[in-house]
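According to the numbering used here, the residues represented by the sequence shown are 4 to 170, in order.
The block underneath contains the structure these notes are about, expressed in structure tokens.
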Amino acid sequence: MDDSVKYGFGPHPIPGSHVFALTPLSMGFVNLKPVVPGHVLVSPLRNVKRFADLTAAEVADLWLLAQRIGATVERHYGAASLTLAIQDGPFAGQTVPHVHIHILPRKAGDFPKNDEVYDAIDRESVQYKAAAAAQPAGEKLDLDKERRVRSHDDMAAEAAELRALLQ
Ligand code: AMP
């Protein structure tokens, strides 16, 4: 998939090169700021905010894709478990108003206390929200400036690896 095709993730355009799985109703794409290696996201193609807004067909398609992707990233990143999480609404920590399942490959001892993974997902969201809030009114967040850790090309390379594995 090339960058001439863009997919919507809330207000953010996701370049085709960052999408590694597509079904009729859902997409899997790499994360701008992964909390652990292989932390990826799965969303419905339709731009809907809340889990309750999804149709039954979208719920089924989304979770079936998450199941496939979870198995693939767990193996690919040498993990032995998975965290699958949805922050459903702003008071649950959702920063991008488009339903998404976080999939994180988990390894023994990756967090000192197991449930700190949720703090890590939330901390990353809080930083992202602070950066967005610091933008002058009407200006869009400059994702290249915010990216800090991952370049567009790093993300595209990870997506290409996962796409090949999922075929
Ligand atoms: P949440 O805080 O649950 O809404 O999660 C938002 C997730 O989206 C975080 O894991 C971010 O790193 C990720 N994210 C935000 N913008 C992008 C983007 N443009 N491309 C890929 N991932 C993104």
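For glycine and all other residues, C-beta sits at the position ideal for the given N, C-alpha and C.
Open item on the list: Taking the straight line between their C-alpha atoms, what separation do you get for residue 76 and residue 94?
Closed with: Numbered from 1 along the sequence shown, position 73 holds the residue referred to as residue 76. Numbered from 1 along the sequence shown, position 91 holds the residue referred to as residue 94. Computed Cα separation, rounded: 28 angstroms.
- [ ] Check whether the Cβ of residue 34 sits closer than 7 angstroms to any heavy atom of the ligand AMP, and report yes or no.
- [x] As a position in the sequence shown, residue 34 is number 31, starting the count at 1. Under cutoff, so the answer is yes.
Task: CB contact flag (residue 172, residue 47, <8 angstroms) - done: A query on residue 172 cannot be resolved here, the shown segment of the chain reaching from 4 to 170 and no further.
- [ ] Check whether the Cβ of residue 15 lies closer than 8 angstroms to any Cβ atom in chain D.
- [x] No chain D appears in this structure, which consists of one protein chain only.
Task: Cβ neighbour criterion (16 or more within 10 Å) applied to residue 8 - done: For the purposes of this step, residue 8 is taken as residue 5 along the sequence shown, with counting starting at 1. Classification of residue 8: exposed, given that the 10 Å Cβ count is below 16.
Task: Alpha-carbon spacing of residue 111 relative to residue 22, whole angstroms - done: Taking the first residue of the sequence shown as position 1, residue 111 is located at position 108. Taking the first residue of the sequence shown as position 1, residue 22 is located at position 19. Taking the straight line from one Cα to the other gives about 28 angstroms.
Task: Close Cβ partners of residue 10 (< 6 angstroms) along its chain, the five nearest in sequence each way excluded - done: Here the question's residue 10 lines up with position 7 in the sequence shown. Result list for residue 10: 17, 22, 30, in chain order.
Open item on the list: So, at 7 angstroms on beta carbons, what are the nonlocal neighbours of residue 54 in its own chain, with the 5 sequence-adjacent residues on each side left out?
Closed with: As a first step, residue 54 is located in the sequence shown; it is residue number 51 there, counting from the start. Only 89, 91, 102 meet the Cβ criterion.
TODO: Within 10 angstroms of the Cβ of residue 84, are there 16 or more other Cβ atoms? Answer buried if so, exposed if not.
DONE: For the purposes of this step, residue 84 is identified with residue 81 of the sequence shown, where counting begins at 1. Burial call: exposed.
- [ ] Pull up the distance between the alpha-carbon of residue 15 and that of residue 158, whole angstroms please.
- [x] In the sequence shown, residue 15 corresponds to position 12, counting from 1. In the sequence shown, residue 158 corresponds to position 155, counting from 1. Spanning the two alpha carbons is a distance of roughly 15 angstroms.
Task: Spatial neighbours of residue 155 in its chain, beta-carbon cut-off 6 angstroms, leaving aside the 5 residues before and after - done: Within the sequence shown, residue 155 is the residue found at index 152, counting from 1. So the list is empty, once near-sequence residues are dropped.
Open item on the list: Using a Cβ-Cβ cutoff of less than 8 angstroms, which residues in the same chain neighbour residue 146 once the five nearest sequence positions on both sides are dropped?
Closed with: Taking the first residue of the sequence shown as position 1, residue 146 is located at position 143. Confidence in residue 146 is poor, its pLDDT being 40 and thus under 50, which makes the residue's placement unreliable; the coordinate value appears in the next sentence. 15, 35.
- [ ] Taking residue 158 as part of the alpha helix (DSSP H), name the residues at either end of that continuous run.
- [x] The count along the sequence shown starts at 1 and reaches residue 158 at position 155. Here the alpha helix (DSSP H) through residue 158 covers 155–169.
Task: Under the three-state DSSP convention, the category residue 60 falls into - done: Taking the first residue of the sequence shown as 1, we reach residue 60 at position 57. Three-state result, residue 60: helix.
TODO: Could you round the C-beta distance between residue 104 and residue 38 to whole angstroms and report it? I think they count as a contact, below 8 angstroms.
DONE: Locating residue 104 in the sequence shown gives position 101, counting from the first residue. Locating residue 38 in the sequence shown gives position 35, counting from the first residue. 14 angstroms between Cβ atoms; not a contact.
- [ ] Taking 8 angstroms as the cut-off, decide whether the C-beta atoms of residue 169 and residue 24 are in contact.
- [x] As a working note, residue 169 is residue 166 in the sequence shown. As a working note, residue 24 is residue 21 in the sequence shown. In contact: residue 169 and residue 24 (Cβ atoms closer than 8 angstroms).
TODO: Check whether the Cβ atoms of residue 80 and residue 108 sit closer than 8 angstroms, and answer yes or no.
DONE: Taking the sequence shown and counting its residues from 1, the one referred to as residue 80 is at position 77. Taking the sequence shown and counting its residues from 1, the one referred to as residue 108 is at position 105. In contact: residue 80 and residue 108 (Cβ atoms closer than 8 angstroms).
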